[in-house]
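Have a look at the structure below, then the notes.
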Amino acid sequence: MNQHMRQLNKEFPTPSPARRCTMTPIAFQLAALVLACTMAQTCRTTQAKQDAEPTAVPIPLAKDRYSIKIALETAQDGAQVGAQVGAQVGAAAPIGGGRLLLFFVPDSDRWANSEPVDAPFFYKLQPIASIAVADGSALTTFTIDDSNATVFGGPLNGLSGAWRVQAVLDTDFTERGHLGPGNLVSEPKRIELAPDRADEIRIELVHRIAPAAAKPAPIPGVEWVTRPSALLSKHFAREYQLRAGVVLPFGYDDLSFARRMWPTIYVIGGFGATYLAAADAAAALRAPEARGAIPQAVWVFLDCETAWGHHGFCDSPTNGPVGRALVEEFIPFLEERFRLIAKPEARIVTGHSSGGWTSLHLILSYPDTFGACFASAPDPVDFSAFQRTNLYRDASLFIAGDGSDTPSFRGPLGPDEDRVFMTVRDEMATERTIDPNGRSGEQWAAWNAMWSPYDPATGAPRRLCDPTTGAIDPVTVEAWSQFDLAKRLERDPTRVSELFATRIRLICGARDSFYLNEAVVRLKEKLAVIRAAAVVRGEQPAEGPGFIEILDGLTHDTAHPAAQLRFHRGMVDHLRAHGLGEAPPRSSSQESAPAAKP
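Each position in the sequence shown, counted from 1, maps to that position plus 1 in the working numbering.
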């Protein structure tokens, strides 16, 4: 489920799938370190606990069938929900086209706190099945079995043991994922499957997901901002809103406070994060006691969410001119409304994971707008190390050079050993099962929308590879190369290397869960070669506070709080170096001490 809550008329338990980034972007530094340690311990405990889980067995002769019925008139969601669908079974209004999905998780203690619809679960992918639903269908009951479904983790006839299953009728394409507004959802249902019998499973769709509130709940010191974008509205031929959560610093509303104009820190969350992350960060950022450790600025939490996934502020045929809209429309509006200093050195951009890549992309693309970048564990910054694949050399995303399956997600087992939880083949198969048309809203769908040209044959972004074989499309790779940060360095080594030396701080864990460290290492090596070549030519490479560091032993998640400790200090130093920082707060003893006699 996305980080912003999908409001059903009943509330599902908090999801627990592993995501590419599920951490709150900013928190107290000590709390962040405690969280990192807790997460690491939880991960080890989960790995160690091997429940006896249901298994897939050879296909039996018996045929399992799942009958899914639209039954909102029996829901306990209230009259409003029932009225949206119609009061009589068999007389429901035609539904929009989409997909009917079935999600499975084992019925075991290990999975007790996970709802099936929170899939995909990167630590342990579970079965998913789906069928297409025609636009305008008046059916109220649908059947899913091996003869008509796209299945991951199957076949369905081969599933055995105790499971919990949940269905979603996904007809929304306004928000990412399968839990968008208007979609129909069943309750989780416990089932017992046997390979020697034909199981008939009946499931009822009894909840309609309500739209999110037009405006989030008010929080002291937080402003929720929406602003129509003329550029994006023209591209999509409909009104398009840019959104942000703005956290105002301590003293902002105090007319007697020493400063009236403020620097800005633009925060870009990881995959699935939205502007609502400002709500979680506000208390820590505004705390008076944190003034010595956290940069005193207006913190703007930007929103990169689209129906395709994280858009990365990359102008593309699919996502439109989102980068231009941010720089040309949204930032000037924010600066006027919130008394922000309209200078590059007063604008800092920061992010983790997909947000880390986006922050690097923004400062390299708009150096006249942003004066400093603090990025951690970014999505691949060198496409010759796209996780474990060289997009310019390798033929397949699925098969490594030694013939093994290419890994995508791992966790540490010991000092030198990892456990692979998910391969690229399986990751892409889950996305294809959720939506064979490439609209899963998951990671590969998002990358296609960010970097691929539009494919008129499919009405979607051109895919990087064949989703069933993994064969890489060189035409798409050529298009993607325009967004390869290492290629930008090769095309303009002097300018890009100077930006890295003077404005960019980049941190990644040496054991990044998605192998993102490999691209960071290659980029660092290429920068070193360029600097060395400049010295040989008798030139003096640019010097500055920028750095790229690989932190031993840290993963995708544990690198984040470690980076925050460094970044907060670095942001304070950057602002002070440009005359924009707040003087260190005086201690209570200093404030109460009498003035010295002349």
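Think of the CB as a built atom: it goes at the ideal place given N, C-alpha and C, for glycine as much as any other residue. Since the model is a prediction, treat every value here as computed from it, not as a measurement.
Name the DSSP bridge partner or partners of D171? Along the sequence shown, one-based indexing puts residue 171 at 170. Partner(s): R100.
Going by the CB atoms, is the gap between G356 and V268 shorter than 9 Å? Taking the sequence shown and counting its residues from 1, the one referred to as residue 268 is at position 267. Taking the sequence shown and counting its residues from 1, the one referred to as residue 356 is at position 355. In contact: V268 and G356 (Cβ atoms closer than 9 Å).
For a test of the three-state rule: what should DSSP assign to H579, helix, strand or coil? Residue numbering aside, residue 579 sits at position 578 when the sequence shown is read from its first letter. DSSP, read as helix, strand or coil, puts H579 in coil.
Taking all protein chains shown into account, do 16 or more other C-beta atoms lie within 10 angstroms of the C-beta of N184, making it buried, or fewer, making it exposed? By one-based count along the sequence shown, residue 184 stands at place 183. Per the 10 Å Cβ criterion, buried.
In the structure shown, what three-state DSSP assignment does K598 receive? Here residue 598 refers to the residue found at position 597 of the sequence shown. In this predicted model, K598 has a pLDDT of only 38, less than 50, meaning its place in the structure is not dependable enough to derive any value.
Cross-strand partners of A245 (DSSP beta bridge): Your numbering for residue 245 matches position 244 in the sequence shown. Paired residue(s): V226 and L303.
According to DSSP, is L36 helix, strand or coil? On the sequence shown, position 35 is the one that residue 36 refers to. Residue confidence for L36 is low, a pLDDT of 34 falling below 50, so the modelled location carries little weight; the figure read from the coordinates is stated next. In the structure shown, L36 sits in a helix (DSSP, three-state: H, G or I).
Which whole-angstrom value describes the C-beta separation of A458 and W309, a residue pair presumed to lie in contact below a C-beta threshold of 8 Å? Start at 1 with the first residue of the sequence shown, and residue 458 comes out as number 457. Start at 1 with the first residue of the sequence shown, and residue 309 comes out as number 308. 18 Å between Cβ atoms; not a contact.
Assigned secondary structure, Q85 (DSSP; H/G/I helix, E/B strand, else coil): Within the sequence shown, residue 85 is the residue found at index 84, counting from 1. Any reading at Q85 needs caution, since the residue's pLDDT is 31, under 50, leaving its predicted position unreliable; the model's value is listed next. Note: Q85 maps to helix in three-state DSSP.
Have a look at V152, E188, F123 and V118 and flag the residue whose alpha-carbon is nearest the alpha-carbon of I132. The residue you call residue 132 lines up with position 131 of the sequence shown. Answer by Cα proximity: V152.
Taking the straight line between their C-alpha atoms, what separation do you get for A487 and E479? Numbered from its first residue, the sequence shown carries residue 487 at position 486. Numbered from its first residue, the sequence shown carries residue 479 at position 478. Looking at the two C-alpha atoms, the distance is approximately 14 Å.
Residue from R464, R244 and E346 with nearest C-alpha to A215: The residue given as residue 215 occupies position 214 in the sequence shown. The candidate whose alpha carbon is nearest that of A215 is R244.
Bridge partner(s) assigned by DSSP for R506: As a first step, residue 506 must be located in the sequence shown, where it is residue number 505. Its beta-bridge partners are F375 and F548.
Inspect the beta-carbon positions of F371 and L363 and report whether they are closer than 9 Å. For this step, residue 371 is matched to residue 370 along the sequence shown. For this step, residue 363 is matched to residue 362 along the sequence shown. Contact flag set, yes.
Ordered along the chain, which non-local residues of its own chain (more than five positions away) have a Cβ less than 6 Å from that of K525? Indexing the sequence shown from 1 puts residue 525 at position 524. In its chain, beyond the 5 residues on either side, I549 have a beta carbon closer than 6 Å to the beta carbon of K525.
If we call anything under 9 Å between Cβ atoms a contact, is R191 one with D119? Translated into positions along the sequence shown, residue 191 becomes position 190. Translated into positions along the sequence shown, residue 119 becomes position 118. Their beta carbons are not under 9 Å apart, which means R191 does not touch D119 by this criterion.
If I measure Cβ to Cβ from E330 and keep anything under 6 Å in the same chain, skipping five residues before and after, which residues do I get? The count along the sequence shown starts at 1 and reaches residue 330 at position 329. Around E330: S230.
A279 (DSSP reduced to helix, strand or coil): Indexing the sequence shown from 1 puts residue 279 at position 278. It is helical.
Of the residues F422, L566 and T556, which one's Cα is nearest the Cα of K125? Translated into the one-based positions of the sequence shown, residue 125 becomes position 124. K125 has its Cα closest to that of F422, out of F422, L566 and T556.
Buried or exposed, going by whether 16 or more other CB atoms sit within 10 Å of the CB of A113? Residue numbering aside, residue 113 sits at position 112 when the sequence shown is read from its first letter. The residue in question, A113, is exposed, as its Cβ has fewer than 16 Cβ neighbours within 10 Å.
For F29, does the three-state DSSP call read helix, strand or coil? Residue 29 sits at position 28 when you count from the first residue of the sequence shown. Model confidence at F29 stands at a pLDDT of 38, short of 50, so the residue's coordinates are unreliable; what they give is reported in the following sentence. F29: coil per DSSP, three-state reduction.
Helix, strand or coil: which one does DSSP assign to W358? Translated into the one-based positions of the sequence shown, residue 358 becomes position 357. Helix, per DSSP.
Who are the near neighbours of H579 in its chain, counting only those whose CB is closer than 7 Å to its CB and skipping five residues on each side? As a first step, residue 579 is located in the sequence shown; it is residue number 578 there, counting from the start. For H579, where only same-chain residues beyond five positions count, the Cβ hits under 7 Å are E346.
For E583, count neighbouring Cβ atoms within 10 angstroms of its own Cβ and tell me buried if that reaches 16, exposed if not. Position 582 of the sequence shown, counted from the start, is the residue given in the question as residue 583. Buried, because 16 or more other Cβ atoms sit within 10 Å of the Cβ of E583.
With DSSP as the reference, label A133 as helix, strand or coil. Reading the sequence shown from its first residue, position 132 is the one you call residue 133. A133: strand per DSSP, three-state reduction.
Range covered by the alpha helix (DSSP H) that runs through T431: Within the sequence shown, the letter at position 430 stands for residue 431. Taken as a continuous stretch (DSSP letters only), the alpha helix (DSSP H) holding T431 covers V425 to I435.
Can you name the start and end residues of the beta strand (DSSP E) that T477 belongs to? The residue labelled residue 477 in the question sits at position 476 within the sequence shown. Run containing T477: none in the beta strand (DSSP E); it sits in the alpha helix (DSSP H), P475 to W481.
Pairs of beta-carbons, one from the segment 273 to 288 and one from the segment 328 to 342, closer than 8 Å: are there three or more? no
Please report the residue range of the alpha helix (DSSP H) in which I295 lies. Within the sequence shown, numbered from 1, the residue matching residue 295 stands at position 294. Taken as a continuous stretch (DSSP letters only), I295 belongs to no alpha helix (DSSP H), as it is neither H nor E.
Distance between A139 and L101 (C-alpha atoms, nearest Å): As a working mapping, residue 101 is identified with position 100 in the sequence shown. As a working mapping, residue 139 is identified with position 138 in the sequence shown. Spanning the two alpha carbons is a distance of roughly 14 Å.
Between which two residues does the beta strand (DSSP E) containing K190 stretch? As a first step, residue 190 is located in the sequence shown; it is residue number 189 there, counting from the start. First-last of the beta strand (DSSP E) with K190: K190 to L194.
Return the CA-CA distance between T495 and T319, expressed in angstroms with no decimal places. Here the question's residue 495 lines up with position 494 in the sequence shown. Here the question's residue 319 lines up with position 318 in the sequence shown. When only Cα atoms are considered, T495 and T319 end up about 32 Å apart.
Where does L581 land, buried or exposed, given buried means 16+ other C-beta within 10 angstroms? Here residue 581 corresponds to residue number 580 of the sequence shown, with the count starting at 1. L581 is buried by the Cβ-count criterion.
Do you know whose CA, among L365, E336, A396 and I266, lies nearest D485's CA? Translated into the one-based positions of the sequence shown, residue 485 becomes position 484. Among L365, E336, A396 and I266, the Cα nearest to that of D485 is on L365.
If I follow the unbroken alpha helix (DSSP H) through H236, where does it start and stop? The residue given as residue 236 occupies position 235 in the sequence shown. Note, H236: alpha helix (DSSP H), A231 to F237.
Sort G442, E205, R165 and R567 by Cα distance to E176 and report the nearest one. Position 175 of the sequence shown, counted from the first residue, corresponds to residue 176. Considering only alpha carbons, the answer is G442.
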